[in-house]
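A.B. asks: This structure is in structure tokens; I'll ask about it shortly.
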Amino acid sequence: MISYIFYFATEPFLFKNLNINKIKAKKGRKIEWLEFSFEPEKRIHSKRQSNMISTGKPKQYISREMTPQWLKNNTYEPTTSKTSAYTEEERQAFLQKMKK
């Protein structure tokens, strides 16, 4: 059951050379504690680590614009109706009524 509980700690990419020692008071007794030993990371704390840096775009250059792609490309053609709701004579009559 101990190996099941500490299964996450035995993953090779988390800890290098991980050893788990079960410490007992005497042989055949219950486990008093567990001792974990592993290799520490080899890094200089005063220097920035290259693998920690994101390789993607910096956040300040990410476009937050929500304009659709079809609007940016201007591939659409605005359509105008060739027939209007009113004829030219009806428009003139309406304008004369408005002026009165």
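The sequence shown maps to residues 8 to 107 in the numbering used here.
Ideal Cβ positions, reconstructed from N, Cα and C, are used throughout, including at glycine.
#1: Let me know the secondary structure DSSP gives GLU95 once reduced to three states.
#2: Taking DSSP as the reference, what is the three-state secondary structure of LEU78?
#3: According to DSSP, simplified to helix, strand and coil, what is LYS37?
#4: Could you give the DSSP three-state label for ASN28: helix, strand or coil?
#5: Whole angstroms are fine: how far does the CA of LYS79 sit from the CA of GLU95?
#6: Return the bridge partner residues of SER44 from the DSSP annotation.
#7: If you reduce the DSSP assignment to three classes, tell me which class MET105 lands in.
#8: Report the CB separation of GLU46 from LYS23 in whole angstroms; it is logged as a contact under 8 Å.
#9: Keeping to the same chain, check which residues put their C-beta closer than 8 Å to that of ILE38; ignore five residues upstream and five downstream.
C.D. replies: Reading it off the structure:
#1: Helix at GLU95.
#2: Helix at LEU78.
#3: Looking at LYS37 - three-state DSSP - the assignment turns out to be coil, as it is neither helix nor strand.
#4: Secondary structure of ASN28 (DSSP, three-state): strand.
#5: If you draw a straight line from the Cα of GLU95 to the Cα of LYS79, it is about 37 Å long.
#6: For SER44, which the question treats as bridged, DSSP gives the partners ASN26.
#7: For MET105, the three-state secondary structure derived from DSSP is helix.
#8: Between GLU46 and LYS23 the beta-carbon gap is near 4 Å, inside 8 Å, which marks them as a contact.
#9: Cβ within range, chain order: ILE9, LYS29, ILE30, LYS31.
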